[in-house]
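Residue numbers (the working numbering): 3 to 73.
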């Protein structure tokens with residue numbers, strides 16, 4: 003029982019580390035977050051930003067990485 007819990011906690015820790023690395027490295031990738039398809043609406047002092055294309059791209063890359071390591 004504790005072996006399964008330990009593996010789960012290690013996996014969660016690795017995911018958190020990967021997200022942290024991604025957040026640090028995204029500042030060094032200037033086009034990430036400004037792709038065509040990302041939604042940006044500015045009206046006066048109000049701004050709405052939804053990185054749709056960036057989210058899809060990251061989802062595809064993460065899926066490919068998971069499938070690569072799974073085999």
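For each residue, glycine too, the CB sits at the ideal point set by N, CA and C.
Cut-off 6 angstroms between Cβ atoms - residues of its own chain near residue i, not counting five sequence neighbours on either side
i, result
"residue 35", "53 and 56"
"residue 72", "none"
"residue 43", "50"
Separation of residue j from residue i, as counted between CA atoms
i, j, result
"residue 22", "residue 46", "32 angstroms"
"residue 9", "residue 16", "11 angstroms"
"residue 61", "residue 4", "31 angstroms"
"residue 29", "residue 7", "34 angstroms"
"residue 50", "residue 41", "8 angstroms"
Reduced DSSP category for residue i - H, G, I as helix; E, B as strand; rest coil
i, result
"residue 64", "helix"
"residue 12", "helix"
"residue 37", "coil"
"residue 30", "helix"
Same chain only: Cβ atoms within 8 angstroms of residue i, ignoring 5 sequence neighbours per side
i, result
"residue 33", "none"
"residue 37", "53, 55, 56 and 59"
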